[in-house]
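Chemist: Chains as they are written, first to last, in the working numbering: chain A, 1398 to 1611; chain B, 1398 to 1611. Here a beta-carbon is modelled for each residue, glycine too, at the ideal position from N, C-alpha and C. Mind having a look at this structure? Questions to follow.
Number of protein chains: 2
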Amino acid sequence: MLETTDNAEPLGRREQNKIDTRRAIVDAAFDLALSVGPGSFTVDQIAERAGVSRRTFFNYFHSAEDALTVRTDGFLDLALEVFGRMPEDEPLFDSIIRAFTETTRMEGLSQHGELFRMASTNPDLLRAQLHSWERAETRIADGLRARLGAGASSLYLTALVGSVLSCTKAAMRDWAANTPESAEDSGQQLEGRILSALTMLRDGFSDSPVAPAA
Amino acid sequence: MLETTDNAEPLGRREQNKIDTRRAIVDAAFDLALSVGPGSFTVDQIAERAGVSRRTFFNYFHSAEDALTVRTDGFLDLALEVFGRMPEDEPLFDSIIRAFTETTRMEGLSQHGELFRMASTNPDLLRAQLHSWERAETRIADGLRARLGAGASSLYLTALVGSVLSCTKAAMRDWAANTPESAEDSGQQLEGRILSALTMLRDGFSDSPVAPAA
DNA sequence: CAGAATCTTGCACACCGTGCAACAAAGCGT
DNA sequence: ACGCTTTGTTGCACGGTGTGCAAGATTCTG
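Okay, here's the thing in structure tokens:
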């Protein structure tokens, strides 16, 4: 599983400690969610497992669910970054599709699947995830504005980005729901679904496919 | 402002009382949100203003924010109902567009605008609203499945519905942000934006408009 | 090394959300 | 009209949440 930050930058102890505790908290929250189920544990348990005080947890996150959306935020940030590296003369939808499909190749996928499955049984976690996608929507809209120029209609931008993220979300949900624990072609499964959903979007959902093509 | 239920059905006192308290709670919550701002009041205040006990409030809603999404739920339910009345031989996107634009004509709009504006400054309310749209997504997907037949791909359905709702959401957000308090043509403003966004979606966002056309 | 800046922690406190049991109100059969 | 059942309301208790605050520990800076 590749992580996104291999930078061996000269960090001060302050920043390194913060990164470490943050990681410890996120890992502790994720482990707990996996073992006892989302919503079935307290902040105190996360803090204890992470080796920090309850108060410190709240210095980093507003709620237990927020600690579980870091992965989602990271995925979407990475997608935005990848999108930013696309050639500007490429057709817009080609860039979008490539940005998301390529992003799936460099991220630890299993956790995302678990996250979606957990969210389907836990309203609070679901809300936190929806919020995560929502925040990404504005960031990506800003990124798109930079590419399309400031003259682009705001409604056009938000509608487009919202639709793209909805399709990606739908693809990941479908993938999480229908792909067994850890299939060997899990990555291709997801990539194919994202490609499929975004292609539908590009073509205006003109043809209604009858075959799931799973 | 037209309300959706003018049914003078013979309701028992039990059901009528429940409807009344529910209304009282929703109205109290909305009034409080308008006057002191979302997130700046407690459940006790809602209960007191609604004339019920704190405990009773929690018999109806899980949180203060949930009481504020009833309007949103109602709007989306109405849209689904209207969509269900569209002729089946009509092109799909025509039905969708008409369903939403016509729905805006029969709903009290000002409250929806306020809701969107409030959500933009209150994370918890935003999450509740996103959840409301998310719930509607599954309901509408089921409705669409009934129309398209059981053979339609699940991914196609969820991607389509998600995109449609994203565009509608974007239209309402844009409208709420850019339409002054109570313009006289507020309804047309919203309707035009929804039509615009859904048309973009139907056409695959092929042309990027430069003029906001506000 | 001393002082400044920053991070962690414990504490207090208001608020949240729910199980439970007592109570009240509405429906129902006679 | 009268009990009996069903359903809704209320108060209480209790564990959990989220945050301001101030004291203490850790890191940075000169």
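Who are the Cβ neighbours of R1544(B) in its own chain at under 7 Å, not counting the five residues just before and after it?
Modeler: Indexing the second sequence from 1 puts residue 1544(B) at position 147. If we look at R1544(B) and ignore the five residues flanking it on each side, its Cβ neighbours are E1485.
Chemist: Can you list, in chain order, the residues of its chain whose CB lies under 6 Å from that of F1490(B), leaving out five sequence neighbours each side?
Modeler: Counting from 1 along the second sequence, the entry for residue 1490(B) is found at position 93. Once the five neighbours on either side are set aside, the close Cβ partners of F1490(B) are R1599.
Chemist: Rounded to a whole number of angstroms, what is the C-alpha to C-alpha distance between A1574(A) and G1409(A)?
Modeler: Locating residue 1574(A) in the first sequence gives position 177, counting from the first residue. Locating residue 1409(A) in the first sequence gives position 12, counting from the first residue. Their backbone Cα atoms lie some 42 Å apart in a straight line.
Chemist: Given this structure, state the Cα-to-Cα distance separating T1596(A) from G1584(A), to the nearest angstrom.
Modeler: As a working mapping, residue 1596(A) is identified with position 199 in the first sequence. As a working mapping, residue 1584(A) is identified with position 187 in the first sequence. If I take the Cα positions, the gap works out to 18 Å.
Chemist: Reducing DSSP to helix, strand and coil, say where A1549(A) ends up.
Modeler: Within the first sequence, residue 1549(A) is the residue found at index 152, counting from 1. A1549(A) falls in the coil class under three-state DSSP.
Chemist: Can you check whether the C-beta of H1528(B) is within less than 8 Å of a C-beta belonging to chain A?
Modeler: Counted from its first residue, the second sequence places residue 1528(B) at position 131. It does: the Cβ of H1528(B) has a partner Cβ on chain A nearer than 8 Å.
Chemist: How long is the line joining the alpha carbons of M1503(B) and A1476(B), rounded to whole angstroms?
Modeler: Taking the first residue of the second sequence as 1, we reach residue 1503(B) at position 106. Taking the first residue of the second sequence as 1, we reach residue 1476(B) at position 79. Approximately 10 Å between the Cα atoms of the pair.
Chemist: Give me the chain A residues within the contact set of D1600(B), using Cβ-Cβ distance strictly less than 9 Å, ordered along the chain.
Modeler: As a working mapping, residue 1600(B) is identified with position 203 in the second sequence. Residues of chain A passing the Cβ test: G1601.
Chemist: Using the three-state DSSP reduction, which class does H1528(A) fall into: helix, strand or coil?
Modeler: For this step, residue 1528(A) is matched to residue 131 along the first sequence. Helix.
Chemist: With three or more C-beta pairs closer than 8 Å as the rule, is the segment 1530 to 1538 of chain A touching the segment 1534 to 1548 of chain B?
Modeler: With the cut-off at 8 Å, the segment 1534 to 1548 of chain B and the segment 1530 to 1538 of chain A do not touch.
Chemist: Tell me whether G1471(B) sits in a helix, a strand or coil according to DSSP, three-state version.
Modeler: Residue numbering aside, residue 1471(B) sits at position 74 when the second sequence is read from its first letter. Three-state DSSP puts G1471(B) in a helix.
Chemist: S1593(B): buried (16+ other C-beta within 10 angstroms of its C-beta) or exposed?
Modeler: Indexing the second sequence from 1 puts residue 1593(B) at position 196. Looking at its Cβ environment, which holds 16 or more other Cβ atoms inside 10 Å, S1593(B) is buried.
Chemist: When you compare the CB positions of A1464(B) and F1480(B), do they come within less than 8 Å of one another, or not?
Modeler: For the purposes of this step, residue 1464(B) is identified with residue 67 of the second sequence, where counting begins at 1. For the purposes of this step, residue 1480(B) is identified with residue 83 of the second sequence, where counting begins at 1. No; because the gap between Cβ atoms is not below 8 Å, this pair is not in contact.
Chemist: Give me the residue from G1540(B), P1577(B) and L1527(B) with the minimum Cα distance to E1511(B).
Modeler: Within the second sequence, residue 1511(B) is the residue found at index 114, counting from 1. Among G1540(B), P1577(B) and L1527(B), the Cα nearest to that of E1511(B) belongs to P1577(B).
Chemist: Between which residues of its own chain and D1474(A) is the CB-CB distance below 8 Å, once the five residues before and five after are set aside?
Modeler: The sequence position of residue 1474(A) within the first sequence is 77, counting from 1. The answer, listed in chain order, is A1533 and R1536.
Chemist: Around the Cβ of P1435(A), are there at least 16 other Cβ atoms within 10 angstroms (buried) or fewer (exposed)?
Modeler: Within the first sequence, numbered from 1, the residue matching residue 1435(A) stands at position 38. With 16 or more Cβ atoms within 10 Å of its Cβ, P1435(A) is classed as buried.
Chemist: Is it buried or exposed for Q1413(A), if we count other Cβ within 10 angstroms and need 16 for buried?
Modeler: In the first sequence, residue 1413(A) corresponds to position 16, counting from 1. Its Cβ having fewer than 16 others within 10 Å, Q1413(A) is exposed.
Chemist: Spell out a yes or no on whether the segment 1557 to 1567 of chain A and the segment 1456 to 1471 of chain A are touching, meaning 3 or more CB-CB pairs, one atom from each, closer than 8 Å.
Modeler: With a cut-off of 8 Å, the segment 1456 to 1471 of chain A and the segment 1557 to 1567 of chain A do not count as touching, because too few Cβ pairs lie within range.
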